[in-house]
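Heads up: the structure comes next, in structure tokens.
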Amino acid sequence: MYFNKVQYRKYAQLFLQSIKAQKVDFCEIRFQENLIEDISFKNLNIENIYNIDRRGVSIRVLYNGNWGFSASSDISQKTIEDIFNEAFGMVEHLSEGTVKITSEEVYQDEDIQEVLINPFEVPISEKIEYISSIQNDILKEKNIDFADASLIQVYEKKLYLNSSGSDIYQERCRLFPSFMMYRVNPELTTLKFYTRPVSEGYEYFKNFPFKEEILRANENIYQKSKAKEVISGKYNLLIDPSNLWLTIHESIGHSTEMDRVLLYEANYAGSSFASVDGIGELVYGSEKVNIVGDRTQKNGLASVKYDDEGVKTSKFDIIKNGLLEDLQTNREIAAFSGRENSNGCSFANSYSSFPLQRMPNVSLLPNQTKDLGFKDMLNIMGDGIYIKGDGSWSIDMQRYNFQFTGDLFYEVKAGKIVGMVKDLSYQSNTQDFWKSCVEVGGQSTYSLEGAFNCGKGQPSQVAPVSHGAPVSLFKDIKVLNTKNEN
Amino acid sequence: MKINKLKQIINDNIDSKEYYVVMHETSEYNIRFSNNRVISNRILKASSIEIITIIDKKTGIATTDDLSEQSIINCIKKSHNIALQSEVNSEYMPLIENEQYDDSDNTKIDFKKDVSDIETFLYSVFNKDPELRIFGFITGEISNISVFNSSKLFKRTTLPRFSYSMNIKNEKLTRSVWRGAVSSVNNIQILKDLYEELLKDYSYTSIRKKVDAGRYNVVLSPSALGDLLLYMLFFLSAVDADDKKSPFTGLLGTKVFPDNINLYTDPNTEYIKSLPFLVANFSDVNPIFDIGASLSKKSIIEKGILKGLISTRYYDNKMNYKNNIFPVSNLILEGSDIEYNDFIKNIDNAIYINNLWYIRGVDPITGLLTGVTRDGVYKIEHGKIVYSMNNFRFNQSPLKVLANIEAMSMSYLSCPREFGDSIVSNVICPYTLVKDFNLSSVSKAI
Numbered sequence: 001m002y003f004n005k006v007q008y009r010k011y012a013q014l015f016l017q018s019i020k021a022q023k024v025d026f027c028e029i030r031f032q033e034n035l036i037e038d039i040s041f042k043n044l045n046i047e048n049i050y051n052i053d054r055r056g057v058s059i060r061v062l063y064n065g066n067w068g069f070s071a072s073s074d075i076s077q078k079t080i081e082d083i084f085n086e087a088f089g090m091v092e093h094l095s096e097g098t099v100k101i102t103s104e105e106v107y108q109d110e111d112i113q114e115v116l117i118n119p120f121e122v123p124i125s126e127k128i129e130y131i132s133s134i135q136n137d138i139l140k141e142k143n144i145d146f147a148d149a150s151l152i153q154v155y156e157k158k159l160y161l162n163s164s165g166s167d168i169y170q171e172r173c174r175l176f177p178s179f180m181m182y183r184v185n186p187e188l189t190t191l192k193f194y195t196r197p198v199s200e201g202y203e204y205f206k207n208f209p210f211k212e213e214i215l216r217a218n219e220n221i222y223q224k225s226k227a228k229e230v231i232s233g234k235y236n237l238l239i240d241p242s243n244l245w246l247t248i249h250e251s252i253g254h255s256t257e258m259d260r261v262l263l264y265e266a267n268y269a270g271s272s273f274a275s276v277d278g279i280g281e282l283v284y285g286s287e288k289v290n291i292v293g294d295r296t297q298k299n300g301l302a303s304v305k306y307d308d309e310g311v312k313t314s315k316f317d318i319i320k321n322g323l324l325e326d327l328q329t330n331r332e333i334a335a336f337s338g339r340e341n342s343n344g345c346s347f348a349n350s351y352s353s354f355p356l357q358r359m360p361n362v363s364l365l366p367n368q369t370k371d372l373g374f375k376d377m378l379n380i381m382g383d384g385i386y387i388k389g390d391g392s393w394s395i396d397m398q399r400y401n402f403q404f405t406g407d408l409f410y411e412v413k414a415g416k417i418v419g420m421v422k423d424l425s426y427q428s429n430t431q432d433f434w435k436s437c438v439e440v441g442g443q444s445t446y447s448l449e450g451a452f453n454c455g456k457g458q459p460s461q462v463a464p465v466s467h468g469a470p471v472s473l474f475k476d477i478k479v480l481n482t483k484n485e486n
Numbered sequence: 487m488k489i490n491k492l493k494q495i496i497n498d499n500i501d502s503k504e505y506y507v508v509m510h511e512t513s514e515y516n517i518r519f520s521n522n523r524v525i526s527n528r529i530l531k532a533s534s535i536e537i538i539t540i541i542d543k544k545t546g547i548a549t550t551d552d553l554s555e556q557s558i559i560n561c562i563k564k565s566h567n568i569a570l571q572s573e574v575n576s577e578y579m580p581l582i583e584n585e586q587y588d589d590s591d592n593t594k595i596d597f598k599k600d601v602s603d604i605e606t607f608l609y610s611v612f613n614k615d616p617e618l619r620i621f622g623f624i625t626g627e628i629s630n631i632s633v634f635n636s637s638k639l640f641k642r643t644t645l646p647r648f649s650y651s652m653n654i655k656n657e658k659l660t661r662s663v664w665r666g667a668v669s670s671v672n673n674i675q676i677l678k679d680l681y682e683e684l685l686k687d688y689s690y691t692s693i694r695k696k697v698d699a700g701r702y703n704v705v706l707s708p709s710a711l712g713d714l715l716l717y718m719l720f721f722l723s724a725v726d727a728d729d730k731k732s733p734f735t736g737l738l739g740t741k742v743f744p745d746n747i748n749l750y751t752d753p754n755t756e757y758i759k760s761l762p763f764l765v766a767n768f769s770d771v772n773p774i775f776d777i778g779a780s781l782s783k784k785s786i787i788e789k790g791i792l793k794g795l796i797s798t799r800y801y802d803n804k805m806n807y808k809n810n811i812f813p814v815s816n817l818i819l820e821g822s823d824i825e826y827n828d829f830i831k832n833i834d835n836a837i838y839i840n841n842l843w844y845i846r847g848v849d850p851i852t853g854l855l856t857g858v859t860r861d862g863v864y865k866i867e868h869g870k871i872v873y874s875m876n877n878f879r880f881n882q883s884p885l886k887v888l889a890n891i892e893a894m895s896m897s898y899l900s901c902p903r904e905f906g907d908s909i910v911s912n913v914i915c916p917y918t919l920v921k922d923f924n925l926s927s928v929s930k931a932i
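If you read the sequences in order, they're chains A and B.
With the working numbering applied, the first sequence covers 1 to 486.
With the working numbering applied, the second sequence covers 487 to 932.
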């Protein structure tokens with residue numbers, strides 16, 4: 001069986017023209033297939049090879065101000081009728097609800113992401129051989145005792161039709177190669193490769209400079225294992241995009257989701273310190289801080305031409321010169337807050353998932369006036385710590401108080417790297433942290449990072465999202481020593 | 487799809503001599519509400535099969551949600567193709583043979599009645615008190631899980647799970663309380679009781695004081711402790727312990743905690759029905775050749791001694807381990823015989839923590855975790871809750887928590903807020919008085 005979009009479209013069109021579909025105020029049908037393959041290694045041994053084919057159909061109806069949703073893994077004309085009956089059956093007897101949605105433009109379109117090599121067309125044996133050769137090279141290095149590897153590949157197809165007349169077909173490809181190395185003497189030290197999750201084809205993996213990365217890792221893991229413990233206190237931090245992306249994600253990405261602001265996630269993922277009234281007023285950070293939401297960004301994990309409510313995506317300012325400029329919305333959230341249109345931030349991770357307001361690619365813009373390179377940024381900092389790579393992360397339910405670790409921490413004196421420290425986490429509050437951002441690097445220091453697994457919603461869903469940033473400098477941030485818990 | 491039909495399709499089409507098949511059939515409903523209104527109503531009836539083909543000790547795993555005959559045949563081919571192209575799995579073990587188990591039943595969810603009862607109740611309390619805003623999530627789920635293999639193993643079970651969570655805030659959003667409950671049977675009374683208990687919790691928040699960060703004696707609710715215990719499972723891999731990658735390295739068979747710490751798993755516990763056989767992967771432990779293995783009562787910590795780590799048949803054979811356990815389907819920390827109310831009456835001075843949230847590992851050697859308190863931090867003085875306070879970030883290892891337990895109530899079926907939402911994460915544990923808990927900074931969040 002395969003994703004038969006021609007047949008599925010016929011099912012949906014026939015149903016949307018039926019009398020039943022006319023009973024509700026709005027109806028949308030989404031056929032979705034997620035092909036997922038994960039090849040994982042422990043040292044030189046294959047741990048597992050999974051191939052998952054998750055395909056099905058869902059219907060969401062809006063009736064008398066209430067959402068009803070039902071889904072099935074069986075796709076047929078009859079199934080569509082059945083799941084409509086279930087979705088409608090849940091809401092037809094409810095008293096009048098308050099859900100409204102914005103009126104949006106209708107599209108008939110098809111958008112298929114261009115990739116050079118579809119990972120699902122590469123023989124598994126070839127992928128195994130390639131990962132195996134990388135693992136072999138890693139484990140030859142004298143400073144590395146163990147190594148884990150994983151290559152997750154996703155190919156997503158979505159056909160979306162709604163009762164307003166939209167008919168949209170889209171395909172997206174995502175890839176996440178990850179490698180973790182361990183040195184266990186004198187005690188456990190870990191290190192990650194700087195492979196990142198991307199919305200690209202297999203070519204990203206093939207073209208990644210593993211030879212250089214392995215040499216770097218071998219040297220860095222040794223230095224890290226010998227590094228001195230950080231002394232708790234306040235430090236200037238120069239933060240690499242490979243670390244800062246996660247801080248952007250947690251402190252800005254989530255806090256500017258309007259569904260959180262409006263308490264939709266209060267029972268689970270949490271709300272936000274931001275408010276609708278704060279738009280144009282709330283100081284998020286220093287004037288250096290300019291943040292955009294962008295689902296049109298090339299290779300962005302959240303990039304797509306139309307969101308899961310048929311709204312065309314765009315690029316929009318979230319924070320401009322430190323001030324809150326806009327929040328992320330879907331059709332329901334936008335209508336609830338009195339807006340005319342959604343800014344295209346709806347996403348459902350599988351056919352069986354109720355679409356939620358999810359994050360676009362949320363990124364910190366590089367310096368627009370000075371093309372400051374990495375060395376310039378070190379010089380501007382003078383003394384402090386340069387943090388590279390992500391680690392542990394945690395933030396409270398209103399996105400105030402957070403704590404992050406990292407992968408590598410370099411001690412910097414008078415603008416020069418003088419050695420490494422370890423066992424470091426930084427702790428701050430979102431607004432305090434971003435107000436302490438005294439400089440951002442130029443385009444040459446910018447990089448797009450991200451995650452496959454941003455969690456939200458009940459039942460919980462994961463979403464892929466990218467975050468770009470330049471190397472950025474923060475003054476007087478509280479640093480903890482994680483060994484002595486202070 | 488009837489199981490016999492599935493078996494027939496597999497038998498007719500699979501070429502390999504060794505294979506496993508796991509089938510999940512799920513019916514569920516979810517009701518999500520926010521700010522005194524229902525925001526989504528969802529029904530899902532879905533099935534999936536996972537086919538594990540083993541050819542000359544090489545494995546291939548393919549999963550599909552489409553249970554048409556043609557799709558199953560394609561899934562067989564995919565798993566076969568993966569196995570052919572794979573390499574010998576060094577952890578290969580002969581399949582479990584000839585075991586039979588079936589406690590499946592025809593339990594069905596009465597969607598219409600359940601949803602109607604729940605929503606009638608919710609609408610009766612929404613806006614009842616103009617000061618209160620009610621949020622929450624209710625889900626009912628029946629899962630039928632079947633496992634069979636080429637060596638005449640066949641196991642099947644039905645797992646019903648109903649979970650209820652509710653959060654009440656005031657209109658100004660300066661007060662917030664949360665409770666959750668899980669059960670194997672749906673009963674609207676559970677939701678009604680939850681609401682009444684929440685109103686009592688809400689009354690504790692009428693006075694809110696600012697308290698500084700520091701190390702305190704704390705009372706952890708079963709929800710808060712349950713989340714810490716679930717996270718601790720990640721540290722309990724036998725392989726990681728031997729590879730010096732765990733805080734339990736070198737501690738198997740030694741006394742790590744006080745005498746009163748007894749942590750075990752028991753799929754036959756009376757508290758809630760739990761998986762009686764193995765189907766799931768867990769963290770670094772990869773039990774692919776153990777699928778279908780019977781789960782039984784097993785000790786992890788007994789009288790403070792680390793008795794067993796999480797492992798596989800392969801690894802235990804290789805290392806000659808005798809007491810290790812498979813990935814667990816529940817965790818039970820033995821409590822005392824003191825009921826909650828009496829337990830609190832005996833607390834002289836402590837901070838009560840209702841929930842922990844956003845818990846993440848910080849240091850894999852010490853097991854240090856960080857996270858925040860949420861929806862209910864109260865001061866207990868002379869046996870009574872006297873006021874509520876700000877939230878905190880904590881930095882604390884669950885190993886230190888177990889080591890620092892000074893008193894326990896009886897054990898209760900908990901609803902861990904962060905990690906307790908799946909059928910393999912049931913935790914039964916007591917309210918605990920823990921000394922020297924590190925609340926490292928204040929969080930302004932409410």
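Heads up, the beta-carbon is just placed ideally off N, CA and C, and yes, glycines get one too.
A:Gln7 burial status per 10 Å Cβ neighbour count (16 or more: buried):
exposed
Reference A:Arg55, options B:Ser785, B:Ser554, B:Gln586, closest by Cα
Taking the Cα of A:Arg55 as reference, the smallest distance to any Cα among B:Ser785, B:Ser554, B:Gln586 is reached at B:Ser554.
Among B:Ile891, B:Ile811, B:Arg694, B:Ala779, which one has its Cα closest to the Cα of B:Val725?
B:Ile811
Suppose you measure from the CA of A:Tyr235 to the CA of B:Leu714; what does that come to, to the nearest Å?
31 Å
Any C-beta of chain B under 8 Å from that of A:Phe316:
no
For the segment 169-187 of chain A, which residues have a beta carbon sitting closer than 7 Å to at least one beta carbon of chain B?
Closer than 7 Å at the C-beta level to chain B, one finds these residues of the segment 169-187 of chain A: Tyr182, Val184, Glu187.
Leaving out the 5 sequence neighbours to the left and right, which residues in its chain are closer than 6 Å to A:Val184 when beta-carbon positions are compared?
The residues are Asp145.
Quick one: complete beta strand (DSSP E) runs, 3+ long, within the segment 166-191 of chain A?
167-183
Through-space distance from B:Val928 to B:Lys699, alpha-carbon basis
In the sequence under discussion, the amino acid at residue 699 of chain B is Ala, which differs from the Lys named in the question. The straight-line gap from Cα to Cα measures roughly 6 Å.
Could you give the C-beta distance for B:Tyr1001 and B:Ile871, rounded to a whole number, given that I count them as a contact under 8 Å?
A query on residue 1001 of chain B cannot be resolved here, the shown segment of chain B reaching from 487 to 932 and no further.
Against chain B, which members of the segment 292-317 of chain A pass a CB distance test of less than 9 Å?
When CB distances to chain B are screened at a threshold of 9 Å, not a single residue of the segment 292-317 of chain A falls below it.
Any beta carbon from chain A within less than 8 Å of B:Pro850's own beta carbon?
yes
Which two residues bound the contiguous alpha helix (DSSP H) that contains B:Ala889?
884-889
Would you list, in sequence order, the uninterrupted beta strand (DSSP E) runs of no fewer than 3 residues that lie entirely inside the segment 566-600 of chain B?
586-588
Strictly below 8 Å CB to CB, what residues from chain A border B:Val524?
By Cβ distance, chain A contributes Asn66, Leu94, Gly97.
Flag B:Ser723 as yes if its beta-carbon sits less than 8 Å from any beta-carbon of chain A, otherwise no.
For B:Ser723, the answer is no, since every Cβ of chain A falls outside 8 Å of its Cβ.
Would B:Val663 and B:Tyr681 be called neighbours here (beta carbons separated by less than 8 Å)?
no
Neighbour-count burial assignment, A:Met258, 16 or more Cβ in a 10 Å radius
When all chains shown are included, A:Met258 counts as buried.
Three-pair Cβ contact test at 8 Å for the segment 830-842 of chain B versus the segment 604-613 of chain B:
Counting Cβ pairs under 8 Å, fewer than three are found: no touch.
Relative to the alpha-carbon of B:Ile517, which residue among B:Ser602, B:Ile535, B:Asp591 has its alpha-carbon at the smallest distance?
B:Ser602
For a minimum of 4 consecutive residues, which ranges assigned as the alpha helix (DSSP H) are wholly contained in the segment 676-735 of chain B?
708-718, 724-728
With a cut-off of 8 Å on the beta carbons, I'd call A:Ile46 and B:Asn490 a contact; round off their distance for me.
The pair is not a contact, with the Cβ atoms about 33 Å apart (cut-off 8 Å).
Segment limits, alpha helix (DSSP H) that includes B:Lys793:
Segment: none, B:Lys793 is in no alpha helix (DSSP H) and carries neither H nor E.
Residue environment, A:Gln22, which counts as buried when at least 16 other CB atoms sit within 10 Å:
exposed
Note down the Cα distance separating B:Gln494 from B:Ile628, rounded to an integer number of angstroms.
25 Å
Within 8 Å, strictly: CB atoms of B:Gly847 and A:Ser392:
yes
Contact with chain A by B:Leu854, beta-carbon distance below 8 Å:
yes
For A:Asp432, which option in A:Phe474, A:Tyr410, A:Glu439, A:Ser275 has the closest C-alpha, if you only look at C-alpha atoms?
A:Phe474
Just to check my reading of the structure: B:Ile538 and B:Ser513 have Cβ atoms closer than 8 Å, yes? What is that Cβ distance to the nearest angstrom?
About 25 Å separates the two Cβ atoms, so there is no contact after all.
From what residue to what residue does the beta strand (DSSP E) around A:Leu282 run?
Where A:Leu282 is concerned, there is no enclosing beta strand (DSSP E), given that its DSSP letter is neither H nor E.
For B:Thr606, count the other beta carbons within 10 Å of its own beta carbon; 16 or more makes it buried, fewer makes it exposed. Which is it?
Label assigned to B:Thr606: exposed.
Can you check whether the CB of A:Ala302 is closer than 8 Å to the CB of A:Ser466?
yes
Starting from the C-beta of A:Phe26, find all residues in its chain whose C-beta is less than 6 Å away, skip the five residues before and the five after it, and write them out in chain order.
Within the same chain, A:Phe26 has close Cβ partners Leu62, Ser163.
Give the range of the beta strand (DSSP E) segment to which B:Ser662 is assigned.
662-669
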